[in-house]
Structure formats: structure tokens, C-alpha cells
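When you line the sequence shown up against the working numbering, it's residues 18 to 290, in that order.
Working notes for the structure below.
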Amino acid sequence: MKKLTILFLFSLTFQANAEDGLKAKLRHHLDKLLGTELTEKILGAKPIEEPISTVQMPAIPKLERKNTDASVYGMDSELRKQGKDFDALPADKKRAYEIAFIKELFQATRRAPAKEEDLARWINVLEGGGSREGVYRGLVLDEVYASLENYDEQLSSKIVPWTIEFAKKYFALVYKEDVLRRANLFFLKRTMSEKMLEIMDALEAKPADFRSWYALMSADLARDFGPLFKEGLRSNPSPEAHVKWAEKAHLQHIKSEAIIKLHLVMNSLQEAQ
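So this is what it looks like as C-alpha cells:
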């Protein structure tokens with residue numbers, strides 16, 4: 018009984034701690050003495066161990082490409098040959114997906130819904146051979162977005178440190194906090210998305226690295242912002258799941274997913290004042 022009392026009192030010090038080695042040993046002993054049900058009442062439920070990912074972060078390329086460099090448009094990587102399942106869909110199905118993309122893109126970038134004339138304009142662009150990346154650039158480089166970038170809105174306390182860490186990990190870039198705080202949300206989102214697209218262009222020559230980079234980024238966002246994405250692949254914290262999707266999806270669809278997720282996350286961080 019004395020041993021049981023000591024174990025019980027000792028266990029109280031671990032209530033708020035992670036499942037470290039010492040706590041795991043204590044759980045093992047209490048399981049034998051008290052059973053799993055009572056042990057979980059004392060220590061809490063045993064945490065679910067996440068499987069170790071086999072996806073490794075590739076070397077982040079140094080961004081040297083200038084805005085006038087058009088070499089990426091002549092690239093013929095295997096990533097540009099993907100998306101056959103989407104291509105095989107009937108025209109009405111593909112149109113429905115593209116309209117959904119335009120609607121979500123407007124909401125994510127401008128934080129406002131697309132109007133009927135917007136949908137008509139941009140669906141014509143896509144069905145006329147335009148790219149999703151081109152639609153995105155059209156939305157963030159027009160007069161409407163320029164006016165949003167001039168909007169006087171102080172950045173939240175959460176978005177700046179998050180942006181610094183994200184850029185360091187996925188772009189290998191170091192931003193200064195005082196510099197970022199001079200921007201507003203819309204300028205910051207566009208700048209980050211431009212860097213993201215540059216990284217993706219630089220990685221395209223190495224498809225496996227491209228997919229790993231995208232998958233790890235997507236898994237991180239899913240883990241940290243799962244409720245924001247609600248359900249489906251976006252909320253899946255497994256890098257392997259995102260690699261599997263990136264092995265089949267259109268390159269433009271992968272890029273548009275990355276752009277939309279980044280904008281949604283940054284909107285969420287800004288709203289968390």
C-alpha cells in the first residue's frame with residue numbers, strides 16, 4: 018500500500034507533462050498495479066504516437082531567379098505530365114472544379130467572394146488555356162489588390178513570428194520582425210506567395226524534392242491548423258499522404274493548393290488578434 022501511495026503522489030507531478038521517458042515508465046508500473054482504466058484517470062490517456070515520416074526535407078534552393086527569367090516556362094519536367102485523371106473528366110465536371118477553385122481563391126486572397134462577372138472572366142481564361150498560377154497573379158497584381166495593400170491594418174501579434182519561422186524553414190530566408198511589421202496582411206501574403214512560387218519553380222527540376230517539400234509543408238500546416246481546413250487531404254498531417262497526391266495531381270493544382278493554404282493560414286493568424 019505504501020508503494021502504491023508513493024506512486025500515486027509521484028504521478029501527480031506528471032499531469033501536465035508530455036509523455037517523456039520517466040512518465041512512460043511510471044505508466045508501465047501503474048498499469049500493472051492498477052490496470053489501464055485507473056492509470057489513465059491518474060495520468061491521462063496515453064498519447065497516440067505519430068509514425069516517423071519517411072519524407073525528408075530536401076535542400077532548399079537559393080533564390081536567384083529574377084522576375085524577367087522565363088526559363089521555367091520552357092521546362093519539361095515529369096511534373097508537367099501529371100494530372101491525367103483530371104484531364105479525363107467530362108467538360109462540365111472540370112468546369113465545376115475550376116469554378117470552385119476561383120471562388121476559393123478570391124476568398125483566400127481578397128477575403129471577399131467572387132462576383133458573377135469575376136467567375137465568367139476567369140473561367141474563360143482557364144478554359145482558354147490559362148493557368149491557375151496566372152489567375153492568381155491576375156488577382157494579386159490588379160488595382161483592387163493594390164488598394165487592399167494600402168489598407169491601414171496593423172498585423173496581429175501571431176502572424177509576424179509565424180511568418181519568420183515559416184520563411185526560414187521553407188524558403189531558407191531570414192526576415193526581420195521590424196521590417197515585416199511595416200507591412201499589412203495583403204502585402205505580406207502576396208510577398209510570401211511569390212517566394213513560395215519561386216521555390217516551387219526552383220525545385221521543379223527535381224520532382225522528388227518538389228513533392229517532399231510540398232508534402233512536408235502541407236503536413237505542417239495540417240498539424241498546426243487542422244480545424245481551419247476542416248476535413249479531407251488538407252487536414253491530413255501525414256507527409257506521405259501529400260506526397261501520394263502530389264505524384265498524380267496537375268502541377269498547377271499543386272501550386273494552387275499551396276497558394277490557397279498559405280493565404281488561408283495567414284488570414285486565420287491575422288484574425289487571431
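All C-beta atoms, glycine included, are put in the ideal place defined by N, C-alpha and C.
None of these values were measured; they are calculated from a predicted model.
How many Å lie between residue i and residue j at the Cα?
| i | j | result |
| --- | --- | --- |
| Thr30 | Leu136 | Residue confidence for Thr30 is low, a pLDDT of 49 falling below 50, so the modelled location carries little weight; the figure read from the coordinates is stated next. If you take the alpha carbons of Thr30 and Leu136, they lie about 58 Å apart. |
| Gly151 | Asp241 | 29 Å |
| Val282 | Thr71 | 25 Å |
| Glu221 | Glu264 | 13 Å |
| Leu286 | Ile176 | 5 Å |
| Val191 | Phe183 | 10 Å |
| Pro256 | His46 | 35 Å |
| Asn34 | Leu60 | Reliability fails at Asn34, whose pLDDT of 49 lies under 50, so the model's placement of it is uncertain and the value that follows must be treated cautiously. In a straight line, the C-alpha of Asn34 is about 9 Å away from that of Leu60. |
| Lys111 | Val161 | 28 Å |
| Asn284 | Ala125 | 8 Å |
| Trp262 | Gly52 | 42 Å |
| Asp109 | Ala219 | 34 Å |
| Asn201 | Glu170 | 6 Å |
| Gly145 | Ala113 | 15 Å |
| Glu225 | Asp48 | Strictly speaking, residue 225 in this sequence is Ala, with Glu absent from that position. Their backbone Cα atoms lie some 44 Å apart in a straight line. |
| Pro78 | Ala105 | 34 Å |
| Glu134 | Glu121 | 15 Å |
| Ala129 | Arg149 | 18 Å |
| Pro254 | Gly100 | 23 Å |
| Leu43 | Pro244 | 33 Å |
| Ala236 | Pro107 | 31 Å |
Out of the options, state which residue places its alpha-carbon closest to the alpha-carbon of residue i.
| i | options | result |
| --- | --- | --- |
| Arg154 | Glu264, Pro107, Val196, Arg207 | Arg207 |
| Asp159 | Leu143, Asp169, Phe203 | Phe203 |
| Ala258 | Leu233, Ile77, Ser210 | Leu233 |
| Val260 | His46, Phe227, Ile140 | Phe227 |
| Asp93 | Tyr231, Lys223, Pro254 | Lys223 |
| Ile119 | Pro107, Lys110, Lys132 | Lys132 |
| Glu95 | His280, His267, Tyr192, Ala289 | His267 |
| Lys193 | Leu156, Ala108, Ala125, Pro178 | Pro178 |
| Trp139 | Ala125, Ala117, Arg128 | Ala117 |
| Ala189 | Pro107, Gly243, Tyr168, Leu80 | Leu80 |
| His270 | Tyr231, Asn201, Ala200, Glu54 | Tyr231 |
Measure how close the beta-carbons of residue i and residue j come, nearest whole angstrom, since I'm counting them as under 8 Å.
| i | j | result |
| --- | --- | --- |
| Thr180 | Leu165 | Contact doesn't hold; Cβ gap of about 18 Å is too wide. |
| Ser229 | Ala239 | In fact, because the Cβ distance is near 15 Å, the residues do not count as touching under 8 Å. |
| Val76 | Ser173 | As written in the sequence, residue 76 is Ala, which differs from the Val given in the question. Going by Cβ atoms, the distance from Ala76 to Ser173 rounds to 32 Å, so no, they are not a contact pair. |
| Leu279 | Ser210 | 6 Å |
| Leu156 | Phe103 | In fact, because the Cβ distance is near 22 Å, the residues do not count as touching under 8 Å. |
So, does the CB of residue i fall closer than 8 Å to a CB anywhere in chain B?
| i | result |
| --- | --- |
| Leu50 | No chain B is part of this structure, which consists of one protein chain only. |
Three or more C-beta pairs closer than 8 Å, one from the region 260 to 275 and one from the region 210 to 217: is that the case here? With contact defined as three or more Cβ pairs closer than 8 Å, the region 260 to 275 and the region 210 to 217 are in contact.
Which parts of the region 87 to 162 are runs of the beta strand (DSSP E), unbroken and 3 residues or longer, counting only runs that do not cross its ends? Fully enclosed beta strand (DSSP E) runs of 3 or longer: not present.
Entirely within the region 196 to 263 and at least 4 residues each: give me those alpha helix (DSSP H) ranges in chain order. Counting only runs of 4 or more, we get 202 to 220, 224 to 246, 256 to 263.
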